[in-house]
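Here is the structure we will look at, set down as structure tokens.
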Amino acid sequence: MSLRFDAIKALTDDSHTKTANGANKISAIFGENVFTLDKARSFLSDEAYKSLLSSTKTGKKIERNLANQIAIGLRAWAESKGVTHYTHWFQPLTGTTAEKHDSFFTLKGDGTAIEEFDGATLIQQEPDASSFPNGGIRATFEARGYTAWDPSSPAFIFEADAGKTLCIPTVFVSYTGESLDYKAPLIKALEALGKAAVEVANLFDKNITKVTPTLGWEQEYFVIDEALANARPDIVQSGRTVFGAAPAKGQQLDDHYFGAIPERVYAFMRDYENESYKLGIPLRTRHNEVAPSQFEAAPIFEEVNIAVDHNILLMDVMSRVAKRHRLKVLLHEKPFAGINGSGKHNNWSLATDTGVNLLAPGKTPKTNLLFLTFFVNIIKAVHDHADILRASIASASNDHRLGANEAPPAIISVFIGEYLTKVLGDIEKRVGDKFDEQDEAILKLDLHKSIPELLLDNTDRNRTSPFAFTGNKFEFRAVGSSANCANAMITLNTIVADSLTKFKVEVDELIAKGSKKEIAVMQTIQKYIVESKSVLFEGDGYSFEWEKEAEKRGLPNVKTTPLALDALSTDKAKKLFDDFKVYSHRELEARHEIELENYLKKVQIEGRIMGDLAINHILPVAINYQNKLAANVTSLKELGLPEATYTAQLDLLKKVSEHVQVIYNKVHEMVEARKVANNIENTRTRAIAYDSQVKAHYFDEIRYHVDKLEQLVDNESWTLPKYREMLLLR
């Protein structure tokens, strides 16, 4: 009890409030801890610099002898900034980052102490591949794995905590070559889409030689006081509260969204933003989100691979910097029941090396047809692979959020707005039309007049849509706040590559049969509109009517992770990822197993926390209160007072006793249910058992009775900080 009240008292202590300091100009510190090409120019020979530049721009491999020169220059730059250690920084399938720090220091044979860093060390390291999630690819005795340098993502110096370390972004693969991380398949997916997009774009402009997928994520998060967080074992161990009645005043007045940022949080924001700017993370936006103590950060768009690195790095920076301010960052999708959860909207687009955003309509009929081609192909991709896209955002924590009133439903649909819906409808009606002239094929549809150059004000923002077109980009809103963006981006880029590849084949076949190019393009667009229109939805995604309508249309509505992940084991998914060399069959099966295991372990952890808190924290408090009530009733009865004068105490005593008994029984039943589920050998079946029995049945029932106890037991006796206390930040 004292821990809780000490934490509450500390909220009024100004000694932990820091001043919001920062650089006068962001440009003065931006990228100062990143080995950018500008810095490489100063620390590398011309030959080494050109090799690094070529690798960064075109993906050309760096020769080993030049890697030595780059390593020497990289070490010189790092040492000029006081760095003594380096690490291969990678993203294993844990959802976080991994790093093993080694020093530049070494001893020569004669005992001479020197600093050394060579090309072989830069290019490759050997972490233990069996100690990370691998889905059975590596046994415990098959430990060898490799991290390999990704030159397209620049090295950086991490100094958000006390030390300084040179971090080298890498991929992580097994000894036999299977990818064990997010970066390796992401790079393959981006290459596949880039190739397919260039081939289609060349139908309109032969000058386009490169198409780059871009990403602008929006990171939502909660900030609470560190002392209050540490007084909640559930927050410490699972990132969310498994118990807690909603406060009387939560978000119902809509007074937090875009409100004045609290002083402590503002100081924290300025601090982590400065660290982020030094790391080259181009943060642009900060604001209060809908829920109390919920906030958001968003950057300028970047190439997807870099954007993913920057997002996972930002989450690390925020968590570390929060400690300086005696705060705790919660990245869980649903830290508090009854209060909005957090997402990570992935705003995605395609940019050409000629300066064109392929999802922005142009000024001429020709460029509008280019826009329509990519626009319709993306819709077709989502329609054809909605199940796989749903699997890419499935997790135990995101299950709490999807379908709630602040997040899209589990049904994958596409929102494009009333204006573009009409445009596609007009094109669809002309299926079968014969055109004699290529210009007539375009102009007869009035594409130039019907699609304005900018659609920013012609497309609403449907918050209930998981995949919405918002003017010049698509917003994948269903991604969870704690997720690595790479998982969703791997799938999205691969399915669009698939659609574009098939589109090019169909157009070429029509051209080979004698159709003019523009007519062939338009006829294929018409065909794709007809085939994919069932995935388009403009209404309220939260409504029960939409669930019924989606079922009629044949759209999948998979609400839980174990079932959603089944899409990864289908022949369709295996063929898709294998065709583009993103995942082999073995890699995809391993990821399916890893995601199921991850789900199981998180539900297990939450179940154990619930049991521990209920039996060892909550019931003792309730029983003590029971004893107080019983003593009070006994003393009043002994005084000879009529029972009518203490019926309130008797009623309270009865209710507390009933809730105590139910909680005790249900916790023990849940433990037995876990034992039964754990004896199931098949991982998928075990995960479904956890979802349908342990989680769906026991979690909600135990939580209900604990919430009732919290309302009955006096405030002085309660040990866990309550929602209203944790959501108070000045």
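272 is the number of the first residue of the sequence shown in this note's numbering; add one for each residue after it.
Positions of the beta carbon are idealized from the N, C-alpha and C atoms, including for glycine.
This structure is a prediction, so every number in the text was calculated from the model and none was measured.
Query: Report the residue ranges of all alpha helix (DSSP H) runs contained in full by the segment 604-666; include only those spanning at least 4 residues, in chain order.; Result: 636-655, 657-662
Query: What would DSSP say about residue 729, mapped onto helix, strand or coil?; Result: For residue 729, the pLDDT reaches just 47, beneath the cut-off of 50, and the residue's location in the model is therefore unreliable, leaving the point undetermined.
Query: Are the CB atoms of residue 493 and residue 566 nearer to each other than 9 Å?; Result: yes
Query: Mind checking residue 436: buried by the 16 CB within 10 Å criterion, or exposed?; Result: buried
Query: Taking its Cβ as the centre, do 16 or more other Cβ atoms sit within 10 Å of residue 891, making it buried, or is it exposed?; Result: exposed
Query: Can you round the beta-carbon distance between residue 470 and residue 775 to whole angstroms, since I take them to be within the 8 Å contact cut?; Result: 5 Å
Query: Let's see if you can read the secondary structure: which residues bound the alpha helix (DSSP H) around residue 270?; Result: Because residue 270 is not part of the residues shown, which for the chain are 272 to 1001, the question remains open.
Query: Check whether the segment 613-630 touches the segment 745-756, counting contact only when three or more Cβ pairs, one atom from each stretch, lie closer than 8 Å.; Result: yes
Query: Please classify residue 833 as buried or exposed, where buried requires at least 16 neighbouring CB atoms within 10 angstroms.; Result: buried
Query: Would you check if the segment 867-884 and the segment 904-923 touch, i.e. whether three or more CB-CB distances between them fall below 8 Å?; Result: no
Query: Count the other CB atoms within 10 Å of the CB of residue 559; is the residue buried (16 or more) or exposed (fewer)?; Result: buried
Query: Taking the beta carbon of residue 947 as the centre, do at least 16 other beta carbons fall within 10 Å, making it buried, or is it exposed?; Result: exposed
Query: Looking only at its own chain, which residues have a Cβ that is under 6 Å from the Cβ of residue 339, when we skip the five neighbours before and after it?; Result: 389, 390
Query: Counting C-beta neighbours from all protein chains within 10 Å, is the total for residue 792 16 or more, i.e. buried, or is it exposed?; Result: buried
Query: Determine the closest residue to residue 585 out of 956, 602, 358, with distance taken between C-alpha atoms.; Result: 602
Query: Considering Cα atoms alone, identify which of 515, 482, 988, 687 is closest to residue 976.; Result: 515
Query: Looking at the unbroken alpha helix (DSSP H) that takes in residue 348, where does it start and where does it end?; Result: 335-351
Query: Do you know how far the Cα of residue 440 is from the Cα of residue 551?; Result: 14 Å
Query: From what residue to what residue does the beta strand (DSSP E) around residue 888 run?; Result: Element bounds for residue 888: n/a, residue is neither H nor E.
Query: May I ask which residues mark the beginning and end of the beta strand (DSSP E) holding residue 327?; Result: Here residue 327 belongs to no beta strand (DSSP E); instead the alpha helix (DSSP H) covers 317-329.
Query: Assign residue 641 to buried or exposed, taking buried as 16 or more other Cβ atoms, counted over all protein chains shown, within 10 Å of its Cβ.; Result: buried
Query: By Cβ distance, which residues of its chain are closer than 7 Å to residue 937, with the 5 residues on each side in sequence left out?; Result: 969, 972, 973
Query: Express the C-alpha separation of residue 1000 and residue 903 in angstroms, rounding to a whole number.; Result: 38 Å
Query: Just the C-alpha distance for residue 951 and residue 332, rounded to the nearest angstrom, thanks.; Result: 47 Å
Query: So residue 549 packs on residue 300, CB below 8 Å; how close in whole Å?; Result: 5 Å
Query: What runs of the alpha helix (DSSP H), each 4 residues or longer, lie entirely inside the segment 482-543?; Result: 497-501, 504-509
Query: With a threshold of 16 other CB atoms inside 10 Å of the CB of residue 778, please say whether the residue is buried or exposed.; Result: buried
Query: Since residue 441 sits in a beta bridge, which residues does DSSP pair it with?; Result: 420
Query: Measure how close the beta-carbons of residue 481 and residue 624 come, nearest whole angstrom, since I'm counting them as under 8 Å.; Result: 4 Å
Query: Taking C-alpha atoms, which residue in 455, 402, 353, 874 lies nearest to residue 945?; Result: 874
Query: As a quick exercise: from 650, 303, 453, pick the residue whose alpha carbon is nearest that of residue 429.; Result: 303
Query: Run through DSSP, which three-state label would residue 992 get?; Result: coil
Query: Inspect the beta-carbon positions of residue 592 and residue 528 and report whether they are closer than 9 Å.; Result: no
Query: Give the C-beta separation of residue 669 and residue 366 to the nearest angstrom, bearing in mind that I take them to be a contact with Cβ-Cβ under 8 Å.; Result: So it is not a contact: roughly 11 Å between Cβ atoms.
Query: Check this for me: beta carbons of residue 226 and residue 880, under 9 Å apart or not?; Result: Residue 226 is absent from the structure shown; the chain starts at 272 and stops at 1001.
Query: Kindly list the residues whose CB is nearer than 8 Å to the CB of residue 978, restricted to its own chain and excluding five residues on each side of it in sequence; keep chain order.; Result: 514, 515, 516
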